[in-house]
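Peer 1: Below is a structure I'd like to ask you about.
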Amino acid sequence: MFRGTAHHVQRLVLAVLPAAGLLSAAYGGGQCPSQWYPTDGVGGADPAIYAMTMWDPDGAGAEAPVLVVGGTFTTAGPIVASYIARWDGTNWSTLGTGMDGAVNTLTVMQDGRLVAGGAFTTAGGVTVNRIAAWDGTNWSRIGTGASVGMDNQVQALTVRPNGDLIAAGMFSSAGGTPVNRIARWDGANWLAMGNMNNIVWALTTMPNGDVIAGGQFTATSSVPANRLARWNGSTWANMTTVNSLVLSVNVDADGNLIVGGQFTFCGVAANHIAKLSGTTWSAFGSGILGPVWSARSLPDGSLVASGTFLTAGGHDIQSIARWDGIDWSSLGIGIGNLPNINAGSVLALVLRDDGSLLAGGAFTTADDQPSPNLARWAPQPPPLITQQPQSIVVVEGGLASFSIAASGIDPLSYQWHKDGLPLSDGPTGSGSIVSGAATAVLSISSVTPADAAAYQCVVSDACGDTPSDPATLSVTPACNPCDANCDGSVNGFDVDDFVAALTGSGSGCSPCQGDVNGDGSVNGFDIDGFVNCLTGP
Numbered sequence: 018m019f020r021g022t023a024h025h026v027q028r029l030v031l032a033v034l035p036a037a038g039l040l041s042a043a044y045g046g047g048q049c050p051s052q053w054y055p056t057d058g059v060g061g062a063d064p065a066i067y068a069m070t071m072w073d074p075d076g077a078g079a080e081a082p083v084l085v086v087g088g089t090f091t092t093a094g095p096i097v098a099s100y101i102a103r104w105d106g107t108n109w110s111t112l113g114t115g116m117d118g119a120v121n122t123l124t125v126m127q128d129g130r131l132v133a134g135g136a137f138t139t140a141g142g143v144t145v146n147r148i149a150a151w152d153g154t155n156w157s158r159i160g161t162g163a164s165v166g167m168d169n170q171v172q173a174l175t176v177r178p179n180g181d182l183i184a185a186g187m188f189s190s191a192g193g194t195p196v197n198r199i200a201r202w203d204g205a206n207w208l209a210m211g212n213m214n215n216i217v218w219a220l221t222t223m224p225n226g227d228v229i230a231g232g233q234f235t236a237t238s239s240v241p242a243n244r245l246a247r248w249n250g251s252t253w254a255n256m257t258t259v260n261s262l263v264l265s266v267n268v269d270a271d272g273n274l275i276v277g278g279q280f281t282f283c284g285v286a287a288n289h290i291a292k293l294s295g296t297t298w299s300a301f302g303s304g305i306l307g308p309v310w311s312a313r314s315l316p317d318g319s320l321v322a323s324g325t326f327l328t329a330g331g332h333d334i335q336s337i338a339r340w341d342g343i344d345w346s347s348l349g350i351g352i353g354n355l356p357n358i359n360a361g362s363v364l365a366l367v368l369r370d371d372g373s374l375l376a377g378g379a380f381t382t383a384d385d386q387p388s389p390n391l392a393r394w395a396p397q398p399p400p401l402i403t404q405q406p407q408s409i410v411v412v413e414g415g416l417a418s419f420s421i422a423a424s425g426i427d428p429l430s431y432q433w434h435k436d437g438l439p440l441s442d443g444p445t446g447s448g449s450i451v452s453g454a455a456t457a458v459l460s461i462s463s464v465t466p467a468d469a470a471a472y473q474c475v476v477s478d479a480c481g482d483t484p485s486d487p488a489t490l491s492v493t494p495a496c497n498p499c500d501a502n503c504d505g506s507v508n509g510f511d512v513d514d515f516v517a518a519l520t521g522s523g524s525g526c527s528p529c530q531g532d533v534n535g536d537g538s539v540n541g542f543d544i545d546g547f548v549n550c551l552t553g554p
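Note that the numbering used here has the sequence shown beginning at 18, numbered continuously upward.
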């Protein structure tokens, strides 16, 4: 992947883009629709994200992978971050003190170190000259000696299966070795890989280990190569004719090469994006009318392409588009830069392990929501429970009721469970009656001690299931007003509690305590009945 001076190319492209009107309707994406989720993004003077990658700070350890972004920014969310930062999905943090210049490209070595390339000369205060490695604690040089690093910008990085790091860009030397815009680090030395006659903007590694380079060049060593070339480990080969800049090369989920850029011909007539499957080049319909900077496969097998454009497949689509094998469609309203919708550019894409897509670049909005230079496209979450069921105590023979409130995609469905087992409406084996087992309100009438349990509701919609907190039903014995102390027997030990209820000096142990005649109050009219309870009829 590349970025950096590409941002200046982007500005030239913006100047010639056609004006456009309102954008197409939001893309649903199946039964569970996806949407753009804004982030607090990155900022600073003339900010942009040029590169993104997922990086696991502790390898196979318990810590989850995080997103690392690089670019021209000096803040990330609420923190100061010099040209590079990490995001765990919620919070931003720095990687040391960062760089002193733009980070154009990122990759991860086989040993787990993060590698950054760009226009910077220092990383973490260490002189590194445009390429550096981060081990989770410190930045370090790649190479030793007086001629460390590169003499000009690094625009693209990739790693081969054998562990070799490939760097490309504008430089003519790496570690003091003449290399002419592309070089290979074998773990000990920088080695030449032939001579590119102009800038290399993009790199990727094919499943078989071949390296693909794209850019502005027309030859490598003595081999003509029209802006796209393949290296098999020892020699370069021309791949096809491309009539303008190649800005991105990516491998899709099926192992095909996806090429993006400013071209209108890439093996076949193709507007800014083309595919190589085996030895066959093909276009994606009528293509995209604007530079393509990146492409990624989604879990459903579709392809997402991003760049600086307002039209894909003849549709009004802003900056990012989805190819389903037949046609292009939008992802939501798209990504832009309000109030000037012509200015949005998505320069980098990353797919996270949870299937969500992260888009970075130079933009201010996603689906018209503020999202400076970083946004997340993901399915809507399962239902959100806004009111949990509450535990209750019910007298035997009474009515028990639990309720829940939730939000999500209509229609919501409900299923109540008793001690983990699903309930259904109708009489129970103990004599009580259940109703509302598949609604937001569960009722149990004529409650018996057998109904005492933990009750839980699972709320479902097209995006999944959400279980509620469990709520407990406690059942107390049927009320005996003569059992004034609620010990299960009527005897002399009830006298003091009955007197307390009669005089109002006690709080009572049950709702009916002392109300022997059942008139709703405890007074002198209850005395005879209480005495009869003690002495018998």
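Glycine is no exception: its CB is placed at the ideal position from the N, C-alpha and C atoms.
Does the structure place the region 467-475 close enough to the region 425-434 that three or more beta carbon pairs sit under 8 angstroms?
Peer 2: yes
Peer 1: Out of G318, G351, M210, point me to the one whose CA is closest to A329's CA.
Peer 2: By 1-based counting over the sequence shown, the position of residue 329 is 312. For A329, the nearest C-alpha among the options comes from G351.
Peer 1: Excluding the five sequence neighbours on either side, which residues of its own chain have a C-beta within less than 7 angstroms of the C-beta of A518, listed in chain order?
Peer 2: Start at 1 with the first residue of the sequence shown, and residue 518 comes out as number 501. Closer than 7 angstroms at the Cβ level, and outside the excluded window around A518, lie A501, G525, Q530, G531, V539.
Peer 1: Nearest to N534 by CA position, among P64, P316, F547, I229, is which residue?
Peer 2: By one-based count along the sequence shown, residue 534 stands at place 517. Nearest neighbour of N534 by Cα position, chosen from P64, P316, F547, I229, turns out to be F547.
Peer 1: Rounded to the nearest angstrom, how far is the Cβ of A495 from that of G414, given a contact under 8 angstroms?
Peer 2: Translated into the one-based positions of the sequence shown, residue 495 becomes position 478. Translated into the one-based positions of the sequence shown, residue 414 becomes position 397. Yes, A495 and G414 are in contact; Cβ-Cβ is about 5 angstroms, under 8 angstroms.
Peer 1: With H, G and I counted as helix, E and B as strand and the rest as coil, what does DSSP make of V217?
Peer 2: For this step, residue 217 is matched to residue 200 along the sequence shown. If DSSP states are grouped into helix, strand and coil, V217 belongs with the strands.
Peer 1: According to DSSP, is Q48 part of a helix, a strand, or is it coil?
Peer 2: Taking the first residue of the sequence shown as 1, we reach residue 48 at position 31. If DSSP states are grouped into helix, strand and coil, Q48 belongs with coil.
Peer 1: Grouping DSSP H, G and I as helix and E and B as strand, with all else coil, what is P82?
Peer 2: For the purposes of this step, residue 82 is taken as the residue at position 65 of the sequence shown. Here P82 sits in coil by DSSP.
Peer 1: On the DSSP letters alone, give me the boundaries of the alpha helix (DSSP H) that F515 sits inside.
Peer 2: Mapped onto the sequence shown, residue 515 falls at position 498. Start and end: 512-520.
Peer 1: Which runs of the alpha helix (DSSP H), 4 residues or longer, sit entirely within the region 333-420?
Peer 2: Annotation: the region 333-420 contains no complete segment of the alpha helix (DSSP H) (minimum length 4 residues).
Peer 1: Between which two residues does the beta strand (DSSP E) containing L245 stretch?
Peer 2: Reading the sequence shown from its first residue, position 228 is the one you call residue 245. Unbroken beta strand (DSSP E) run through L245: 245-248.
Peer 1: Name the DSSP beta bridge partners of S555, please?
Peer 2: Residue 555 lies beyond the stretch modelled for the chain, which goes from 18 to 554, so this question has no answer here.
Peer 1: Assign F326 to one of three DSSP states: helix, strand, or coil.
Peer 2: Position 309 of the sequence shown, counting from 1, holds the residue named residue 326. Looking at F326 - three-state DSSP - the assignment turns out to be coil, as it is neither helix nor strand.
Peer 1: Would the region 392-402 and the region 435-450 be scored as touching if the rule is three or more Cβ pairs under 8 angstroms?
Peer 2: no
Peer 1: Suppose the cutoff is 7 angstroms on Cβ atoms and the five residues either side in sequence are ignored; what does the same chain contact list for N357 look like?
Peer 2: In the sequence shown, the residue the question calls residue 357 occupies position 340. The predicted model places N357 with a pLDDT of 48, which falls under 50 and marks its position as unreliable; any figure quoted below should be read in that light. Correct list: empty, nothing qualifies.
Peer 1: Per DSSP, I96 forms a beta bridge with which residues?
Peer 2: The count along the sequence shown starts at 1 and reaches residue 96 at position 79. Paired residue(s): A93.
Peer 1: What residue range does the beta strand (DSSP E) around G14 cover?
Peer 2: This structure leaves residue 14 out entirely; the chain is present only between 18 and 554.
Peer 1: Would you kindly check if the distance between the Cβ of D227 and the Cβ of R247 is under 8 angstroms?
Peer 2: As a position in the sequence shown, residue 247 is number 230, starting the count at 1. As a position in the sequence shown, residue 227 is number 210, starting the count at 1. Cβ distance < 8 angstroms, so R247 and D227 count as in contact.
Peer 1: With W72 and V145 assumed to form a contact (beta carbons below 8 angstroms), what rounded beta-carbon distance in angstroms separates them?
Peer 2: Stepping through the sequence shown from its first residue, residue 72 is reached at position 55. Stepping through the sequence shown from its first residue, residue 145 is reached at position 128. At roughly 18 angstroms, the Cβ-Cβ gap does not stay under 8 angstroms, so W72 and V145 are not in contact.
Peer 1: Can you tell me the Cα-Cα spacing of G38 and N288, whole angstroms?
Peer 2: As a position in the sequence shown, residue 38 is number 21, starting the count at 1. As a position in the sequence shown, residue 288 is number 271, starting the count at 1. Note that G38 scores a pLDDT of 25, beneath 50, so its modelled location is shaky and nothing firm can be said.
Peer 1: Under 6 angstroms Cβ to Cβ from F280, same chain only, skipping five residues before and after it: list those, please.
Peer 2: Residue 280 sits at position 263 when you count from the first residue of the sequence shown. Cβ neighbours of F280 beyond the five flanking positions: V259, N260, S261.
Peer 1: Would you kindly report the start and end of the unbroken beta strand (DSSP E) that includes D504?
Peer 2: Residue numbering aside, residue 504 sits at position 487 when the sequence shown is read from its first letter. No beta strand (DSSP E) contains D504, which DSSP labels as neither H nor E.
Peer 1: What are the boundary residues of the beta strand (DSSP E) that includes N255?
Peer 2: Numbered from its first residue, the sequence shown carries residue 255 at position 238. Membership of N255 in the beta strand (DSSP E) is indicated by the continuous run 253-255.
Peer 1: Tell me which same chain residues have a C-beta within less than 6 angstroms of the C-beta of V266, skipping the five on either side of it?
Peer 2: Here residue 266 corresponds to residue number 249 of the sequence shown, with the count starting at 1. Scanning its chain for C-beta atoms nearer than 6 angstroms, with the 5 sequence neighbours on each side dropped, one finds around V266 the residues A219, T221, I229, G231, V276, in chain order.
Peer 1: Taking the runs of the beta strand (DSSP E) that are 3 residues or longer, which of them lie wholly in the region 234-319?
Peer 2: 245-248, 253-255, 263-268, 274-278, 290-294, 297-300, 309-314
Peer 1: Contact defined as beta carbons within less than 8 angstroms: I believe A119 pairs with V59. What is the distance between those atoms, to the nearest angstrom?
Peer 2: The count along the sequence shown starts at 1 and reaches residue 119 at position 102. The count along the sequence shown starts at 1 and reaches residue 59 at position 42. Wrong, their Cβ atoms sit about 12 angstroms apart, outside the cutoff.
Peer 1: With DSSP collapsed to three states, give me the class of D478.
Peer 2: As a first step, residue 478 is located in the sequence shown; it is residue number 461 there, counting from the start. In the three-state reduction of the DSSP assignment, D478 falls in the strand class.
Peer 1: What residues are listed by DSSP as bridge partners for P195?
Peer 2: The count along the sequence shown starts at 1 and reaches residue 195 at position 178. Paired residue(s): S190.
Peer 1: Excluding five sequence neighbours on each side, which residues of the same chain lie with their C-beta closer than 7 angstroms to the C-beta of I544?
Peer 2: Start at 1 with the first residue of the sequence shown, and residue 544 comes out as number 527. For I544, where only same-chain residues beyond five positions count, there are no Cβ hits under 7 angstroms.
Peer 1: Tell me S485's beta-bridge partners as DSSP assigns them.
Peer 2: Here residue 485 corresponds to residue number 468 of the sequence shown, with the count starting at 1. Paired residue(s): none; S485 is not in a bridge.
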